[in-house]
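One structure is given below, encoded as structure tokens.
Number of protein chains: 2
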Amino acid sequence: MMTDPIADMLTRIRNAIQIERPFVDVPYSNVKKGIAETLEREGYIWDFHVVEIEDAPQNILRVNLKYGPNGERVIQHIKRLSKPGGRVYCKIEDLVDVLDGLGINILSTSKGILSNREARKEHVGGELICEVW
Amino acid sequence: MMTDPIADMLTRIRNAIQIERPFVDVPYSNVKKGIAETLEREGYIWDFHVVEIEDAPQNILRVNLKYGPNGERVIQHIKRLSKPGGRVYCKIEDLVDVLDGLGINILSTSKGILSNREARKEHVGGELICEVW
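Heads up: the sequence lines are chains A and B, in that order. Mind the numbering: the first sequence is residues 1 to 133 in full-length UniProt numbering, read in order. Mind the numbering: the second sequence is residues 1 to 133 in full-length UniProt numbering, read in order.
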């Protein structure tokens, strides 16, 4: 059993971007779908699809990775913050800009999986899943 | 000198999709930009950028290629119709659905570069640049 499926997702995304793949597959989970939705809302990926695999125990989340005008990776950095062995939380009042607004944090909150910008608007804190820029 | 830069653009797109590249570069021209704009409006590519290359005689058109839920190429087929050695035109009344609406034709018209659907709405015919599905 995988100890940290979210860390695995972020690593797969990092590796796929490194070798300029157009998309990357990860085993489906609701939390990962929430992360993908946040990445799409914040413009870090094109979109994603839930792919049903016949006779397989788990569906696939297929993420369409984005590249910019100079072929640059739109995701230059994606790093796990909270970990199974060391959970990290952030209160509403501590939600600050990431890299002066150039980056985001993704949080698991009572209102779903949100970016730090969205969490501030919704007036919720939560667990800091990862940082992205 | 290249005899048919548009055929070259379509070939580069076909080849890049074949090997699942996230984007493809072609030497810039206004007609090619019009084709890219039409492909974007019709949902066949994510988007494109005009990239200026310092000290180079020609800019680059960078096209972000799209892949679907099953990793399938959103452009399965892209083929030149009108050619320098044999121009093909289509009158308004001859603008028919391509593959029952699953595909498109791209036309050079008096109102710019348009898909067959758009040309019909604009009531113009024109030169049939290529077919896409």
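For every residue, glycine included, the Cβ atom is placed at its ideal position computed from N, Cα and C. Values in this document were obtained by computation on a predicted structure and should not be read as measured data.
Flag residue i as yes if its beta-carbon sits less than 8 Å from any beta-carbon of chain B, otherwise no.
| i | result |
| --- | --- |
| A:Pro5 | no |
| A:Tyr28 | no |
| A:Leu99 | no |
| A:Glu42 | no |
| A:Glu54 | no |
| A:Glu20 | yes |
| A:Pro84 | no |
| A:Ser69 | Note that residue 69 of chain A is Pro in the sequence shown here, rather than Ser. For A:Pro69, the answer is yes, since a Cβ of chain B falls inside 8 Å of its Cβ. |
Take residue i and list the residues in its own chain whose beta-carbon comes closer than 6 Å to its own, dropping the five residues that flank it on each side.
| i | result |
| --- | --- |
| B:Asp25 | Ile60 and Arg62 |
| B:Leu39 | Ile45 |
| A:Asp47 | Glu40 and Asn64 |
Hey, would you say residue i sits closer than 8 Å to residue j, going by beta carbons?
| i | j | result |
| --- | --- | --- |
| A:Glu54 | A:Ser115 | no |
| B:Val124 | B:Thr109 | yes |
| A:Arg80 | A:Ile6 | yes |
| B:Gln58 | B:Pro27 | yes |
| B:Pro22 | A:Pro22 | yes |
Out of curiosity, what's the CA-to-CA distance linking residue i and residue j?
| i | j | result |
| --- | --- | --- |
| A:Asn105 | B:Gly71 | 28 Å |
| A:Tyr67 | A:Asp4 | 27 Å |
| A:Arg87 | A:Val74 | 27 Å |
| A:Arg14 | B:Val51 | 25 Å |
| A:Glu127 | A:Cys90 | 6 Å |
| A:Lys111 | A:Leu10 | 22 Å |
| B:Glu118 | B:Ser82 | 19 Å |
| A:Glu37 | B:Asp94 | 43 Å |
| B:Ile17 | A:Ile19 | 16 Å |
| B:Met101 | B:Leu107 | One detail in the question is off: residue 101 of chain B reads as Gly in this sequence, not Met. Looking at the two C-alpha atoms, the distance is approximately 16 Å. |
| B:Lys32 | B:Ile113 | 9 Å |
| A:Val96 | A:Ala56 | 41 Å |
| B:Asp8 | B:His49 | 18 Å |
| A:Ile129 | B:Ile129 | 48 Å |
Does residue i have its Cβ less than 8 Å from a Cβ in chain A?
| i | result |
| --- | --- |
| B:Glu72 | no |
| B:Leu65 | yes |
| B:Arg12 | no |
| residue 134 of chain B | This structure cannot speak to residue 134 of chain B, because chain B is shown only from 1 to 133. |
Excluding five sequence neighbours on each side, which residues of the same chain lie with their C-beta closer than 8 Å to the C-beta of residue i?
| i | result |
| --- | --- |
| A:His77 | Gly103, Glu131, Val132 and Trp133 |
| A:Ile92 | Ala119, Arg120, His123, Val124 and Gly125 |
| A:Arg12 | Val24, Asp25 and Val26 |
Within its chain, find whatever has a CB closer than 7 Å to the CB of residue i; leave out the 5 residues flanking it on each side and keep chain order.
| i | result |
| --- | --- |
| A:Ser29 | Pro5 |
| A:Val98 | Ile104, Asn105, Asn116, Glu131 and Trp133 |
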